[in-house]
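**Q** First the structure, then my questions, so here it is.
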Amino acid sequence: MTQTTRRPSVPIDPDTERTVQAARTAGTPEHDALAVLAARNGIPLPIGAAQLSEATTLAALIEMGRKALQEQVLEAEYQAIAAEQTDEDRAVRAALRRRRRTSPRGDR
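Each residue of the sequence shown is one higher than the one before, counting from -16 in my numbering.
Have a look at this one:
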């Protein structure tokens, strides 16, 4: 079981409040989009509820934001690694790829 931690209230602006309320209500475009994004991110939502709880909706939005943040961090790290590669590093990798392609399968 995943341990959860309760956090204090977070102030949100009126536009965000409207979006959260719309995402809670079945049949709205926001709710449909939340369901698609949650499924894509492996975040379970109650099925068939006419309205999601505010806590469930906010938790799903926060989890999706957390995952998007992690993906962005990884992307930046990959770009940093790629930027550090020298022409010599790229040449060695290319030579190894060519060698693997021409190597007989029995040598493995």
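Glycine included, every Cβ here is placed at the ideal spot set by N, Cα and C. Here the structure is a predicted model, which is why all the values come from computation and not from measurement.
1. Could you tell me the alpha carbon to alpha carbon distance between leucine 79 and isoleucine 30, rounded to whole angstroms?
2. On the DSSP letters alone, give me the boundaries of the alpha helix (DSSP H) that arginine 80 sits inside.
3. Assess contact between the region 21 to 29 and the region -16 to -6, defined as three or more Cβ pairs (one per stretch) separated by less than 8 Å. Is contact present?
4. In the DSSP assignment, what are the bridge partners of threonine 8?
5. Skipping 5 residues on each side, what residues in its chain have a beta carbon closer than 6 Å to that of alanine 9?
**A** Looking at the atomic coordinates:
1. 51 Å
2. 70 to 85
3. no
4. Gln34
5. Ala33
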